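Encoded as structure tokens, the structure appears first; notes follow it.
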Amino acid sequence: MSQQAVSPDEEDTYTFDDLTVVMGTYNEEAAIGTVLSDIDAETDGRANVVCVDGSSDRTPEIAREHGAHVIEQEPQGYGVAVRAALLAADRPVLVTTDCDDTYPMDRLGDFLDGINDGADVVSGDRLYDGAEAMPAFNRFGNHAFALLASALSGRRVHDTTTGMRAYRRTVIQKIDWTENTGLSAELLIRPLLREYDVRETPIAYAERAGETKLDPLSGGAAIAKSIVTVCLEERFR
Ligand SMILES: Nc1nc2c(ncn2[C@@H]2O[C@H](COP(=O)(O)OP(=O)(O)OP(=O)(O)O)[C@@H](O)[C@H]2O)c(=O)[nH]1
Ligand SMILES: [Mg+2]
181 MSQQAVSPDE EDTYTFDDLT VVMGTYNEEA AIGTVLSDID AETDGRANVV CVDGSSDRTP
241 EIAREHGAHV IEQEPQGYGV AVRAALLAAD RPVLVTTDCD DTYPMDRLGD FLDGINDGAD
301 VVSGDRLYDG AEAMPAFNRF GNHAFALLAS ALSGRRVHDT TTGMRAYRRT VIQKIDWTEN
361 TGLSAELLIR PLLREYDVRE TPIAYAERAG ETKLDPLSGG AAIAKSIVTV CLEERFR
């Protein structure tokens, strides 16, 4: 009788010891202490943290004080930083977040549960519960991006630009990532259209601590362009 092969990935149940939380950090002095303390509190200090940092303030010092692995990089945009952080992480489950205290670090356990339940990507949907704390222009834009991505991908997605997601590291390693400001949308759309198990889950979204690093107009245009490019590339690849 032939035995069915089971990959190590399918056998494992991951714990916080298998988790790396990654983020770009750019002058986030006002938030980084809270974000890293929240991660430690939720995971009992067991998750690894990687910060790719372009700051001129005390952000990297605070990160190191909290035990994070800090990689210094000239500021070149969101996606350049987050991609470097994802590729530097060496544990099997990766979670992205912004370092601005907008995302609920007390949900890390739920994201890990989603991966253990078989998901390849668990994506935090900020818009499901209304995202009252989000500036109205951004909220409108994020709904529009989701409609655009849904129309072009043929799959209904609800929040394409969320900063909080969990990924199996194997998914991150198997795909070439090309986008910068639009990396968040790319990280959702490419796995979805390659038939990975991608699930959205509602999350709370809080008002930002410190100043935004995204210009809503030029950033929004870059994100729309990424969505169109990535959807077309994936559908015709
Ligand atoms: N290292 C690095 N980090 C960056 C850069 N640009 C943005 N970030 C970080 O990436 C994350 C996302 O940037 P945000 O300013 O929160 O962008 P956003 O979430 O679209 O906008 P908000 O609504 O203001 O939160 C934050 O943690 C930033 O510090 C960069 O050029 N270099
Ligand atoms: Mg943010």
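For the sequence shown, our numbering gives the first residue as 181, with consecutive numbering after it.
Every residue, glycine too, gets a C-beta built ideally from N, C-alpha and C.
All values reported here derive from a predicted model rather than from experimental measurement.
Contact check, residue i vs residue j, beta carbons under 8 Å
i, j, result
"residue 211", "residue 230", "no"
"residue 272", "residue 339", "no"
"residue 234", "residue 360", "no"
"residue 298", "residue 377", "yes"
"residue 227", "residue 327", "no"
"residue 216", "residue 246", "yes"
"residue 345", "residue 410", "no"
"residue 194", "residue 296", "yes"
"residue 232", "residue 219", "no"
"residue 301", "residue 262", "no"
Residue i beta carbon near ligand 2 (any heavy atom closer than 7 Å)
i, result
"residue 218", "no"
Which residues DSSP lists as bridging residue i, in chain order
i, result
"residue 263", "None; residue 263 has no bridge partner."
"residue 215", "Bridge partners of residue 215: none, in fact."
"residue 251", "232"
"residue 203", "231"
"residue 276", "202, 345"
Heavy atom of ligand 1 within 7 Å of residue i beta-carbon
i, result
"residue 365", "no"
Meets three-Cβ-pair contact criterion under 8 Å: the region 276 to 288 and the region 384 to 399: yes
Ordered list of beta strand (DSSP E) runs contained in the region 288 to 322, each at least 3 residues: 301 to 305
Beta carbon shell of ligand 3 at less than 6 Å from a heavy atom: For the structure depicted, ligand 3 is absent and the ligand set comprises only ligand 1 and ligand 2.
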